[in-house]
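Since the structure comes first, as structure tokens, the remarks are kept for the end.
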Amino acid sequence: MSLRFYDTRHRAVRDFVPVIPGRASLYLCGATVQAPPHIGHIRSGINFDILRRWLSHRGYEVTFCRNVTDIDDKIINTAAAEGVPWWAVSERNQRAFTWAYDVLGCLPPTVEPRATGHVPEMIVLMRRLIESGHAYAAEGDVYFSVDSFPEYGELSNQRPEAMRASDDSSAPCKRDVRDFALWKGAKPGEPSWETPWGEGRPGWHLECSAMATKYLGAAFDIHGGGLDLVFPHHENELAQSRAAGDPFAQYWLHNGLLTVGGEKMSKSVGNSLLIPDLVRRVRPVELRYYLGQAHYRSTFDFSDEALAEAAAAYQRIEGFAARAVEIVGVQEPGEVPAEFAAALDDDLGVPAGLAVVHAAVRDGNSALAADDKDRAARHLAELRGMLGVLGVDPLAEPWAGSGDGSEAREVVDALVAVVLEQRQAARARKDYAAADAIRDQLASAGVLVEDTPHGPRWELKRG
Ligand SMILES: [Zn+2]
């Protein structure tokens, strides 16, 4: 079976046929940097990081463009309230997003363009639309004429006559309430850029069309984003680019939204679910495993219990990997099992893929118990292949050594080995009190010792 995705525009699962054979171009609507990221933003980042990794695994040369919207009403308002320039707010929050993506092991995008760096490209696109009769300038604003584009509504599956007015419907200079702003005329005291139609700042929709086509070309493969962006943002991107004559995205992929206790995430709840707080409660790799485990199109309901369960599930995977390495040595990531590949090919079926992961762990554990080293080694290699695609291979960067620094880990390993030798010596002379005292002292230092048929092994106490 071939790689295929559910395409929002066609409302169907379609085989993936790239614009350029062997390549895959992916545009993801990234952060509007008004505030630091919460888990909803990062879930989307992880979903599309897995997509990108799977496309690479399938042999495509991937170009991944994830934009930053660095100007909007809220950024301007926050800056005014704090008495700092708008760009200081954008910069600060962009750093918070980059940190969160990095700490959760999302690969950096090939390019991460910022909206305000692409005003010339936006001017060119507006000129093309005005000259072809799809846009008009009015009192310093520039609007897209919805009536001029009969396919408007195709992405969100709405009939134009049933559509609601756009957000800026109060603007008296608009010809139709559905028309949306490509460009907003400058208001006193607000940041602005010069255009042939006056000073102003970009509308959100225009930015993404300009940046996507600059980096990925007039026709590119996949446009991604959250389900809440389908209308109006993506509908408007599609309309303005296609009206200008660009084929634009061939596939539209949307991740489901994140709820908390079954409710849409409110600001008060969202504020308690910021990434720096969450990665103090569980390790970053466990949080990534949790947020990445559901199907990208499903609604994700966050709960502390489910987070704890996911962390425990990941520790079982990691536990097998650690024990297997001790017995059979580190194995390089191998071919992924066919069932795993079939699951990921089928619209990125991560839950079905994880079932294959857990089966490999179970069978790997029984191979270790039976001292079947070949079978254990095979499972470890397969497991690493699968976990690499999901971005949670405990033996690969950035997780290897799991946050305690692999150099420090080596030193601790050597020191613990010295102490364990003394404990073995105490046991050999049947001085069990001394042996237990050594074990207890290690435990109080955070080192847990477990006796196994292959000798003692140790791990750091968590939490
Ligand atoms: Zn966008």
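When we follow the UniProt record's numbering, the leftmost residue of the sequence shown carries the number 1, and every step to the right adds one.
For each residue, glycine too, the CB sits at the ideal point set by N, CA and C.
Beta-carbon contacts of Asp7 that lie in its chain and below 7 Å, excluding the five residues immediately before and after: Arg14, Tyr251, Trp252
From Val357, Ser366, Glu237, Leu368, residue whose alpha carbon lies closest to that of Leu390: Val357
By how many angstroms is the C-alpha of Tyr60 removed from the C-alpha of Arg23? 5 Å
Under 6 Å Cβ to Cβ from residue 522, same chain only, skipping five residues before and after it: list those, please. The requested residue 522 is not part of the displayed model; the chain covers only 1 to 463.
Give the secondary structure of Gly449 by DSSP, where H, G and I count as helix, E and B as strand, and everything else as coil. Contrary to the premise, residue 449 reads as Val rather than Gly in this sequence. The answer is strand: DSSP assigns Val449 an E or B state.
Looking at the structure shown, is His223 part of a helix, part of a strand, or coil, going by DSSP? strand
In the structure shown, what three-state DSSP assignment does Asp404 receive? Residue confidence for Asp404 is low, a pLDDT of 46 falling below 50, so the modelled location carries little weight; the figure read from the coordinates is stated next. Asp404 falls in the coil class under three-state DSSP.
Using the DSSP secondary-structure output, state which residues sit across from Val62 in a beta bridge. Ala24
Buried or exposed: which applies to Glu326, given that a residue is buried once 16 or more other Cβ atoms fall within 10 Å of its Cβ? exposed
Which of helix, strand or coil does DSSP assign to Glu459? strand
Given Pro21 as reference, the closest of Cys29, Ile42, Leu55, Thr32 once Cα atoms are compared: Leu55
Bridge partners for Arg114 per DSSP, in chain order? Val68
Contact belief for Asp147 with Ala171 at Cβ below 8 Å, rounded distance in angstroms: At roughly 16 Å, the Cβ-Cβ gap does not stay under 8 Å, so Asp147 and Ala171 are not in contact.
Do Leu125 and Leu206 have their C-beta atoms closer together than 8 Å? yes
For residue 479, is the classification buried or exposed, using 16 other Cβ atoms within 10 angstroms of its Cβ as the cut-off for buried? Coverage of the chain is limited to positions 1 through 463, which leaves residue 479 absent and any answer about it impossible.
Taking DSSP as the reference, what is the three-state secondary structure of residue 464? Residue 464 is absent from the structure shown; the chain starts at 1 and stops at 463.
Rounded to a whole number of angstroms, what is the C-alpha to C-alpha distance between Ala138 and Glu121? 20 Å
Any contact of the region 304–312 with the region 369–385, i.e. 3+ C-beta pairs under 8 Å? no
Start-to-end residues for the beta strand (DSSP E) that takes in Thr259: 258–260
Report yes if the CB atom of Ile71 is closer than 8 Å to the CB atom of Thr110, and no otherwise. no
CA-CA distance, Ser145 and Pro160? 12 Å
Beta-carbon gap between Ala181 and Tyr143 smaller than 8 Å: yes
Applying the 10 Å Cβ sphere with the 16-neighbour rule, what's the burial state of Ala239? buried
Contact under 8 Å by Cβ, Tyr314 with Asn255: no
Cα-Cα separation between Leu420 and Arg323, rounded to whole angstroms: 18 Å
With distance defined between alpha-carbon atoms, name the residue in Glu91, Gly105, Pro108 nearest to Arg114. Glu91
Helix, strand or coil for Ala187 per DSSP? Checking the sequence, you will find Lys at residue 187 rather than Ala. Of the three classes helix, strand and coil, the one that applies to Lys187 here is coil, per DSSP.
Residue 465: buried (16+ other C-beta within 10 angstroms of its C-beta) or exposed? Past the edges of the chain, shown from 1 to 463, lies residue 465, and the structure says nothing about it.
Since I believe Ile76 is in contact with Glu194 (beta carbons under 8 Å), could you give me their beta-carbon distance rounded to a whole number of angstroms? Actually they are not in contact, since the Cβ atoms of Glu194 and Ile76 sit about 18 Å apart, beyond 8 Å.
Here's a check: name, in chain order, each residue in its chain whose Cβ is nearer than 7 Å to the Cβ of Ala310, leaving out the five neighbours to either side. Glu286, Tyr289, Tyr290, Gln293
With which residues is Asn93 paired in a DSSP beta bridge? Answer is none; Asn93 lacks a bridge partner.
Taking 8 Å as the cut-off, does the region 30–37 touch the region 87–105 (at least 3 CB pairs, one atom from each stretch)? yes
Glu382 CB to nearest heavy atom of ligand 1 below 7 Å: no
Cβ-based burial, Asp436 [other Cβ within 10 Å; buried from 16]: exposed
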